[in-house]
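Asks: My questions will all concern the structure given below.
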Amino acid sequence: MVKKVPETSPPDGDAHLALARESLRDLLDDKRVPPPVRAALAEDYQQLKLLLEKIEHGHIHIAVFGRVSVGKSALLNALLGETQFSTSPLHGETTRAAHARWQEYDAGGVFLIDTPGINEVAGEERERLAHDVASRCDLVLFVVDGDITDTEIKALRQVKGAAQRLLLVLNKTDRYTPAERELLLKTLRERAAGSIHPQDIVTAAAQPAERIVILVDAAGNETETRRRPEPDVTALRERIWDILKAEGKTMAALNAGLFAGRFSDRLTREIVTVRRDLAEQVVRNYCLAKGVAVALNPIPVADILAAVATDAAMIVHLG
Ligand SMILES: Nc1nc2c(ncn2[C@@H]2O[C@H](COP(=O)(O)OP(=O)(O)O)[C@@H](O)[C@H]2O)c(=O)[nH]1
Ligand SMILES: [Mg+2]
């Protein structure tokens, strides 16, 4: 029962989704999986079910990821145009993942997912968070507010390893002069060269700091007021929309395919411990689920920042 990935050009998102749906359903419904194996993998089966529902409804999940206080929650609020996620100058405002529907983009249903800061959770937990977020989401917005730190590089590598689509967002650009902004962008592009397309590195000012504005009336009297400039997430919004339009369905299918591939590895391991003879048949079928991911994956999941990490001396310090 080998399903072939249709060779279409340009990529046919609907066909990809149908294929992913079919392999997820096959995995879920396989009657040959012994009950003890199902019980041992109950949590994975539950995730698989949710993933199947997600692609059946055509939902897209977009998550923010990054250090605490880089403005992840603020960025989602700016995209939503309303305050759905709490932001705070204090650490630890977002303690668990939460989501909101992005009404403005109504094709199918796009959900924005907020997460705690990567440095708010310990190493192992962080790895799990990175992995969970990346495997449940179709697009990850990796947010930084200056040059990328070592912790960020590590986390970026973890997320990038599990997610197929990622945008690098330089937030808080209001804090920098145009020259500093350009330098930062240039550095980020250099560091991500070969792994993140320059187009996928965008700037934003999600919640610009208040400014003191001096108003002068007709009589020449000056009054000082504080004003918070409007958020600027135009470039980010446009990039997200372009990606969703061009690759949304394929992204969701690929993500499901990658999950199915990882799931089938775990399933095979479990089955081997229970019934070796059965395992051999099942393995043959599950290669198919992985085939979906491989066939749809436009770029190999590379260990992108390996070269970059060795170059930590390049950190630019800006005031
Ligand atoms: N200057 C400036 N501050 C920002 C910007 N975006 C967020 N902040 C501030 O950064 C702090 C942390 O924001 P928050 O969204 O809670 O960060 P999170 O921990 O990454 O979710 C808050 O005080 C925000 O007002 C921005 O674009 N410019
Ligand atoms: Mg937050």
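So the number in our numbering is just where the residue sits in the sequence shown, counting from 1, plus 425. Here a beta-carbon is modelled for each residue, glycine too, at the ideal position from N, C-alpha and C.
1. Can you give me the start and stop residues for the beta strand (DSSP E) that A643 sits inside?
2. Can you say whether I626 is buried or exposed, counting buried as having 16 or more other CB atoms within 10 angstroms of its CB?
3. Grab the span of the alpha helix (DSSP H) containing H486 for me, first residue to last.
4. Taking 6 Å as the line, does the beta carbon of S498 fall inside it for any heavy atom of ligand 1?
5. Can you tell me whether DSSP reads T602 as helix, strand or coil?
6. When the Cα atoms are used, what is the spatial distance from K715 to R606?
7. According to DSSP, is L781 part of a helix, a strand, or is it coil?
8. Starting from the N-terminal side, write out each stretch of the beta strand (DSSP E) that is 3 residues or longer and does not extend beyond the region 545-575.
9. Provide the residue span of the alpha helix (DSSP H) that contains D469, from first to last.
10. Suppose you measure from the CA of L453 to the CA of A465; what does that come to, to the nearest Å?
11. Does at least one heavy atom of ligand 1 sit under 6 Å from the Cβ of N596?
12. With a 10 Å radius around its C-beta and 16 neighbouring C-beta atoms as the bar for buried, classify T675 as buried or exposed.
13. If I measure Cβ to Cβ from L566 and keep anything under 6 Å in the same chain, skipping five residues before and after, which residues do I get?
14. If you reduce the DSSP assignment to three classes, tell me which class F536 lands in.
15. Span of the alpha helix (DSSP H) holding N596?
16. Apply the 10 Å Cβ neighbour rule to N596 and answer buried if 16 or more other Cβ atoms are within range, or exposed otherwise.
17. So, with DSSP's three-state summary, where would you put T612?
18. Cβ of D557 versus every heavy atom of ligand 1: is any distance shorter than 6 Å?
19. Can at least three beta-carbon pairs, one atom from the region 641-649 and one from the region 658-678, be found at a separation below 8 Å?
20. By DSSP, does I626 sit in helix, in strand, or in coil?
21. Between which two residues does the alpha helix (DSSP H) harbouring S498 extend?
22. By how many angstroms is the C-alpha of S448 removed from the C-alpha of K474?
23. Taking the alpha-carbon positions, what's the K611 to A671 distance?
24. Could you check what DSSP says for T659 in three-state terms: helix, strand or coil?
25. Any heavy atom of ligand 1 within a distance shorter than 6 Å of the CB on Q632?
26. Around the C-beta of A685, are 16 or more other C-beta atoms found within 10 angstroms, so that it is buried, or is it exposed?
27. Since T628 and A660 should fall inside the 8 Å C-beta cutoff, what is the C-beta to C-beta distance between them, to a whole number of angstroms?
Replies: According to the data block:
1. Note, A643: premise wrong, no beta strand (DSSP E); not H, not E.
2. Result: buried.
3. In the DSSP annotation of this structure, H486 is not part of any alpha helix (DSSP H); the continuous beta strand (DSSP E) holding it starts and ends at 485-491.
4. True, at least one ligand heavy atom lies under 6 Å from that Cβ.
5. Three-state result, T602: coil.
6. Confidence in K715 is poor, its pLDDT being 47 and thus under 50, which makes the residue's placement unreliable; the coordinate value appears in the next sentence. When the Cα atoms are used, K715 and R606 turn out to be separated by approximately 41 Å.
7. Not covered by the structure: residue 781. The range shown for the chain is 426 to 744.
8. Listed in chain order, the beta strand (DSSP E) elements of length 3 or more contained wholly in the region 545-575 are 564-569.
9. Run containing D469: 467-481, per the alpha helix (DSSP H) assignment.
10. Roughly 14 Å separates the two Cα atoms.
11. Because some heavy atom of ligand 1 lies under 6 Å away, the Cβ of N596 counts as near it: yes.
12. Buried, since its Cβ has 16 or more Cβ neighbours within 10 Å.
13. Once the five neighbours on either side are set aside, the close Cβ partners of L566 are V489, L592, V594.
14. Residue state, collapsed to three classes: strand.
15. No alpha helix (DSSP H) contains N596, which DSSP labels as neither H nor E.
16. By the neighbour-count rule (16 or more Cβ atoms within 10 Å), N596 is buried.
17. Of the three classes helix, strand and coil, the one that applies to T612 here is helix, per DSSP.
18. No, ligand 1 has no heavy atom inside 6 Å of this Cβ.
19. Too few Cβ pairs lie closer than 8 Å, so no.
20. Correct three-state label for I626: strand.
21. Run containing S498: 497-505, per the alpha helix (DSSP H) assignment.
22. The C-alpha of S448 is placed about 12 Å away from the C-alpha of K474.
23. Rounded to the nearest angstrom, the two C-alpha atoms are 26 Å apart.
24. Note: T659 maps to helix in three-state DSSP.
25. For ligand 1, at least one heavy atom lies less than 6 Å from the Cβ of Q632.
26. The C-beta of A685 has 16 or more other C-beta atoms within 10 Å across all chains shown, which makes the residue buried.
27. Rounded, the Cβ-Cβ distance is 6 Å, consistent with contact.
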